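Residue 993 in this note's numbering sits at position 95 of the sequence shown, and the numbers go up by one each step. Where is the CB? At the ideal position from N, CA and C, for every residue including glycine. Just so it is clear, the structure is predicted and the values come from calculations on it, not from any experiment.
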Amino acid sequence: MTKADPINTEEICPVALTVSLLSGKWKLTVLYQLLSGPKRYSELQRLLPDASDRMLTRSLQELKDDQLIKRTAFAELPVRVEYELTKDGQALVPIFDAMKDWGSKRV
């Protein structure tokens, strides 16, 4: 597409939706960490030491609201909570693979 080409909204809308779902400082990193399997909140805190509790909680909630991750609370004392990718979240694996390949060429 060049500057003179008209904007194809059918092409841009899915991209805009994807960008809006994944935008946020920690969302991609959280999703990437969950690629290897379910994680507890404390595990994610250790894996993302620069993320504040507030930002990590917000990112998890938004990803859950967007149905990219699932939160499971187990009936145990103390309560154990795990986060894992949903089918929609798992569908992002090829995108992460492509991003990893793209980034590897630029390191």
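Return the CA-CA distance between residue i and residue j, expressed in angstroms with no decimal places.
{"i": "Leu920", "j": "Gln931", "result": "14 Å"}
{"i": "Glu980", "j": "Asp986", "result": "17 Å"}
{"i": "Leu946", "j": "Leu975", "result": "26 Å"}
{"i": "Ala1009", "j": "Trp924", "result": "What the structure shows of the chain is the stretch from 899 to 1005, and residue 1009 is not part of that stretch, so it cannot be assessed."}
{"i": "Ser918", "j": "Val977", "result": "32 Å"}
{"i": "Leu961", "j": "Asp948", "result": "19 Å"}
What is the C-beta distance between residue i and residue j, in whole angstroms, given that I count them as a contact (C-beta under 8 Å)?
{"i": "Leu966", "j": "Thr984", "result": "6 Å"}
Would you decide whether residue i is buried or exposed? Buried here means 16 or more other CB atoms lie within 10 Å of its CB.
{"i": "Val913", "result": "exposed"}
{"i": "Gly935", "result": "exposed"}
{"i": "Lys1003", "result": "exposed"}
#### Entry: Residue ranges of each beta strand (DSSP E) within the region 921-979, 3 or longer
Counting whole runs of 3 or more residues, the region 921-979 contains the beta strand (DSSP E) stretches 967-972.
### Query
Below 8 Å, can you find three or more Cβ-Cβ pairs linking the region 947-954 to the region 984-1003?
no
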